[in-house]
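2 protein chains.
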Amino acid sequence: MANKSDFIGSLAKGLKVIEAFNAEHARLSIADVAEATGFDRATSRRCLLTLHELGYAAYDGKFFTLTPRVLRLGMGALASLPLAQVVQPWLDQLSDRIGQSTSVSILDGTEIVYLARAAQRRVMSIGLMPGSRLPAHCTSMGRVLLAALPEEEARALIDTSDLTPRTVQSVTEPERIMERLAAARTDGYAVIDQEVEVGLRSIAVPLYNAHGHVVAALNTGVAAVQSEASDLAALYLEPLKRVQDGLRRVLR
Amino acid sequence: MANKSDFIGSLAKGLKVIEAFNAEHARLSIADVAEATGFDRATSRRCLLTLHELGYAAYDGKFFTLTPRVLRLGMGALASLPLAQVVQPWLDQLSDRIGQSTSVSILDGTEIVYLARAAQRRVMSIGLMPGSRLPAHCTSMGRVLLAALPEEEARALIDTSDLTPRTVQSVTEPERIMERLAAARTDGYAVIDQEVEVGLRSIAVPLYNAHGHVVAALNTGVAAVQSEASDLAALYLEPLKRVQDGLRRVLR
DNA sequence: ATTTTTCTGTTCGCATGGCGAACAAATCCG
DNA sequence: CGGATTTGTTCGCCATGCGAACAGAAAAAT
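Note that the protein sequences, when read in sequence, are chains A and B. What the first sequence shows, in the numbering used here, is residues 1 to 252, in sequence order. What the second sequence shows, in the numbering used here, is residues 253 to 504, in sequence order.
Spelled out as structure tokens, the structure:
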């Protein structure tokens, strides 16, 4: 930004207030928002009242919750990503053929964002839908996306990730994660075994565009009771690579 | 809002700029945004540059597109709706049993917003995901949700709806739509036959909470080549009502 | 290739919007 | 019931955000 005077502080504050709401904090008071954002209580209050006035938040006299109207804010981004529309039929077909859930995601900072999904039976307790996020370092799709970056860039992202273990199997040492990325780079795919959630294993491959650049990741996830980690490549790598090859001609 | 001075105009402007992006207008210039929002060009420019600075928009030197980060703005709303989490397993089961896609949505103004979905084979060309919207007046779920409102309230929403026909079968006269709502009220369900999209028929029922209030709608959609509209009730009403009954005890 | 039109970047003066402190009242909690 | 916490409100202040105006760049038309 050329000039500091091109920046609108009030808008920035309001967006930070919206981001203060999440699954764990769905219903917040003025004091809650002031604490979560670090803004003055009166500032937080004006932001919340503005959101309420515009229909983005409901207010019961003390607590605020976001309303479905805020979904309009995000739809512009999903809509502007042609990738999701293009890959959906491929995911549906792949999911039908292999009998497992499949997804496509992209990297956004230290997280992956789901763009498209074809779901079979639920194997994860958290519902994953376009827009959902998971940490990149401990997901198969995240690992192939990080592996596609220059090594220093990947390391910087790992260093700023929240490496808090999510299961007892979570890999949390940066050096070991970098090793897994190197392996993913060499193998052309990544497998995770109950690192992001107990009971879930998944395998992912990168998706390339016609120029050979990695633009997304494709995975399938299976219940741990259903397949050993060591079997995932034998079972699913070939169909995933077939979709990878098919999409390479289509994506730009 | 008690005081006009509790309203933050700059925040309101910025949110309107974000909403200017949609599927048809995914990539906008400063002039485009000024035109779409009615704001001064310099104001539009500052909003866009602020969104870019915060990571919500990408900028190529002339055009802006929203980035996946704006999805964080909407996720707080979905997360704060326990309804989506509660109904998902019921949708998955129902979808498996009847072999068709099923969805749950709520009313937001003149539109329905999808909260949850269990998809089988794609019958619609537009991908519907949580957060997607369709006009209420010409969808089966929209009709049962409008039918649950006091009649004057429903009429006011019909009067402010965009009644542009989407297919040759679209019902667009307010009186005829009100008749369809009355029928839905009497029957306890609604069927639409290719009004929202050629090739799609669907049937929906309202979802009640333990207090008997309508809180959402549940539907299944089928390809027109697969079932006649007159057969939908015979084929699917019973399983839909079974889920309706089951959820009545669970929803609050 | 040139001219015209449209768009963007930038500056700047101005008005007021948004800020936060302070106080009173309401609510919550022990 | 008293103390602690939170919310509503007012208000003075000043920095923020606005929009006009101008120059330059880019795009479109000739």
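Where is the CB? At the ideal position from N, CA and C, for every residue including glycine.
In this model, Val222/A and Arg201/A are separated by some 5 Å (Cα to Cα). Of all residues in the region 6 to 24 of chain A, only Asp6, Phe7, Ile8, Gly9, Ser10, Leu11, Ala12, Lys13, Gly14, Leu15, Lys16, Val17, Ile18, Glu19, Ala20, Phe21, Asn22, Ala23 and Glu24 place a beta-carbon less than 9 Å from a beta-carbon of chain B. Relative to the Cα of Ile364/B, the nearest Cα in the group Ser353/B, Leu386/B and Gly351/B belongs to Leu386/B. Contact between the region 399 to 414 of chain B and the region 430 to 444 of chain B is present, with at least three C-beta pairs closer than 8 Å. For the pair Ala224/A and Val87/A, the Cα-to-Cα distance works out to about 26 Å. Residues Leu386, Cys390, Thr391 and Arg418 of the same chain have their beta carbon placed closer than 7 Å to that of Val448/B, with the five preceding and five following residues left out of the count.
Ranked by Cα distance from Pro89/A, the options Gly188/A, Gly109/A and Ala116/A are led by Ala116/A. Gly379, Met381, Pro382, Gly383, Ser384 and Arg385: these are the residues of the region 376 to 407 of chain B whose beta carbon lies less than 8 Å from some beta carbon of chain A, given in chain order. Residue-level contact check: Glu363/B does not touch chain A, since none of the beta carbons of chain A fall below 7 Å from its beta carbon. In the structure shown, Tyr366/B falls within a strand segment according to DSSP collapsed to helix, strand and coil.
Annotated three-state conformation of Thr472/B is strand, per DSSP. Listed by position along chain A, the residues whose Cβ is nearer than 8 Å to that of Thr319/B are Ala77 and Asp108. Under a 10 Å Cβ-count criterion, Gly131/A is classified as buried, with 16 or more other Cβ atoms of the shown protein chains found around its own Cβ. Scanning the region 21 to 87 of chain A for uninterrupted beta strand (DSSP E) segments of 3 residues or longer gives 27 to 29, 57 to 59 and 63 to 66, listed from N- to C-terminal end. For Asp439/B, the enclosing alpha helix (DSSP H) starts and ends at Pro426 to Asp439. Within a 10 Å sphere around the beta-carbon of Ser482/B sit fewer than 16 other beta-carbons, which makes this residue exposed.
About 6 Å separates the CB atoms of Leu280/B and Phe273/B; that is less than 8 Å, so the two are in contact. Rounded to the nearest whole angstrom, the CA to CA distance from Gln421/B to Asp414/B is 16 Å.
Under a criterion of Cβ atoms nearer than 7 Å, the residues of chain B adjacent to Arg72/A are, in order, Glu271. The three-state secondary structure of Ser262/B, taken from DSSP, is helix.
Within the region 32 to 49 of chain A, the residues whose Cβ lies closer than 8 Å to some Cβ of chain B are Arg45, Arg46, Cys47 and Leu49, listed in chain order. For Tyr236/A, the closest alpha carbon among the candidates Glu53/A, Gly142/A and Ala204/A is that of Ala204/A. Residue Leu73/A holds the alpha-carbon nearest to the alpha-carbon of Thr317/B among Leu73/A, Gly188/A, Asp159/A and Ala58/A. In its chain, beyond the 5 residues on either side, Thr67 and Arg69 have a beta carbon closer than 8 Å to the beta carbon of Gly55/A.
Between Ile18/A and Thr302/B, the gap from beta carbon to beta carbon reaches 7 Å or more. Annotation: the continuous beta strand (DSSP E) that includes Arg201/A extends over Leu200 to Tyr208. Around Ser355/B, the same chain offers Tyr366, Arg369 and Asn471 as residues with beta carbons nearer than 6 Å, after the five sequence neighbours per side are excluded.
About 5 Å separates the CB atoms of Leu145/A and Ala217/A; that is less than 8 Å, so the two are in contact. Here Val443/B is buried: its Cβ has 16 or more other Cβ atoms, across all protein chains shown, within 10 Å.
Around the C-beta of Val250/A, fewer than 16 other C-beta atoms lie within 10 Å, and the residue is accordingly described as exposed. Annotation for Leu359/B: the continuous beta strand (DSSP E) segment containing it runs Ser353 to Asp360. Collapsing the DSSP output to three states places Asp162/A in coil. When secondary structure is reduced to three states using DSSP, Val396/B falls in the helix class.
Excluding residues up to 5 positions away in sequence, Val205 lie with their Cβ nearer than 7 Å to the Cβ of Lys241/A in the same chain. If you check each beta-carbon in the region 168 to 191 of chain A against every beta-carbon of chain B, none falls closer than 8 Å. CA-to-CA, the gap between Asn209/A and Asn3/A works out to about 36 Å.
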